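Notes for the one structure printed next.
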Amino acid sequence: VERADYVPSSEAEIPMIRVINAFVSDFFSRHDMKGWKVLDAGCGRQPFRKRLEEAGCSYTSMDVNQNPEGSVQYVCAIDEALPQALVQAGPFDLIFCLEVLEHVADWDAAFGNFDKLLKKGGRLVATTPFFYRIHEEPYDFWRPTSYAFEYYGLRYAFKTELVVRGGDSWDILGTMLTLGGIYSRDRKFFNRLLGLCIRNFIRLIKRGILEGYFSKRVILDNGYYLSNGIVMIK
């Protein structure tokens, strides 16, 4: 069941959720969206619906599956033929597509549909993970870079307004340390002791990483990042 609120449901989600919320909050702070028609593409349980409506937007939802609340207006895939009723509901000023496109197999078809649904001058706001475990199997296809967005966007004359490579190497390390466990390969005393020492060491430093204590004081730079945040204009 997808999230109804964009808050972490586990330690592993803390860095990613923090990065996504910061990206979304920055977009809200830079735009007066009163009167905008918004399509939440891949809306799930619509965690951002309240914020969009409070900002004065007219909200429309679509997803490949109906949610438990039964509040998805258009049940369809963004990379397949769109219902005519959805096309007629547009054109939209804004398409919100957060943490969706890694699960979309045909990006060319998806961007073609974004082009059909957006008005001239409208914006596409999208996020995808760049570093994260496989999830929602078997529908987890991509870990794209920002250049993948620009490549497909250019096919439909989308201009890239903003690219955010969110999260640093500390965030990645924090994510890794919360996923899975550390166990001895056998019953040998040394291996069991080593596993115990590593687990205790991780417990000691994990909170400092997740709360940003280390990143405020020490730079860990290896070129990796956690999440893509993209704003494109038609």
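Using this note's numbering, you'd call the opening residue of the sequence shown number 56 and step up by one each time.
Even glycine gets a Cβ: it sits at the ideal position worked out from N, Cα and C.
Note that this is a predicted model, so its numbers are computed, not measured.
Margin query: Extract the residue ranges of the alpha helix (DSSP H) inside the stretch 79–137, only unbroken runs of 4 or more that lie entirely within it.
Written below: If we require 4 residues or more, the alpha helix (DSSP H) runs fully inside the stretch 79–137 come out as 104–109.
Check: Among the residues of its own chain, which have a CB less than 8 Å from the CB of I237, if the five just before and after it don't count?
Finding: Cβ neighbours of I237 beyond the five flanking positions: G250, I253, R254, I257.
Item checked: Straight-line gap, R247 to D241 (C-alpha atoms, nearest Å) -> Looking at the backbone, the Cα of R247 and that of D241 are separated by about 8 Å.
Checklist line | Any non-hydrogen atom of the ligand MN closer than 7 Å to I75 Cβ | finding: Annotation note on the ligand MN: not contained in the displayed structure, which lists no ligands.
Checklist line | For T183, the three-state DSSP class (helix, strand or coil) | finding: In the structure shown, the three-state DSSP call for T183 is strand.
Item checked: Same chain, Cβ closer than 6 Å to R100, five either side skipped, listed in chain order -> Excluding residues within five positions, the ones whose Cβ falls inside 6 Å are E57, A59, N122.
Next item on the list: Could you tell me if P70 is buried or exposed, where buried requires 16 or more neighbouring beta carbons within 10 angstroms of its beta carbon?
Entry: Classification for P70: buried.
Note to self: Taking the alpha helix (DSSP H) that G201 belongs to, which residues open and close that run?
What the structure shows: In the sequence as displayed, the identity of residue 201 is Ser instead of Gly. Residues 201–210.
Next item on the list: Sort K171, D87, E205, Y279 by Cα distance to T230 and report the nearest one.
Entry: Residue Y279 is the option with its Cα nearest to T230.
Item checked: Segment limits, beta strand (DSSP E) that includes G221 -> Unbroken beta strand (DSSP E) run through G221: 214–221.
Next item on the list: For N168, count neighbouring C-beta atoms within 10 Å of its own C-beta (all shown protein chains included) and say buried if the count is 16 or more, exposed if not.
Entry: Around the beta carbon of N168, a 10 Å sphere encloses 16 or more other beta carbons of the protein chains shown; the residue is thus reported as buried.
Next item on the list: Just mark K171 as buried or exposed, buried being the case when its beta carbon has 16 or more other beta carbons within 10 Å.
Entry: With fewer than 16 other Cβ atoms within 10 Å, it is exposed.
Note to self: Three Cβ pairs or more, each shorter than 8 Å: is that satisfied between the stretch 256–274 and the stretch 199–208?
What the structure shows: No, because fewer than three Cβ pairs between the stretch 256–274 and the stretch 199–208 fall closer than 8 Å, the two stretches do not touch.
Next item on the list: Pull up the CB-CB distance for P138 and G177, whole angstroms please, since I reckon it's below 8 Å.
Entry: Going by Cβ atoms, the distance from P138 to G177 rounds to 19 Å, so no, they are not a contact pair.
Next item on the list: With a cut-off of 8 Å on the beta carbons, I'd call A67 and L209 a contact; round off their distance for me.
Entry: Contact between A67 and L209 does not hold, since the beta-carbon distance rounds to 34 Å and is not under 8 Å.
Next item on the list: List the DSSP bridge partners of G284.
Entry: The partner list for G284 (beta bridge, DSSP) reads T182, V219.
Next item on the list: Report yes or no: do the stretch 69–88 and the stretch 145–159 share at least 3 C-beta pairs separated by less than 8 Å?
Entry: As far as the Cβ criterion goes, the stretch 69–88 touches the stretch 145–159, which means the pair count is three or higher.
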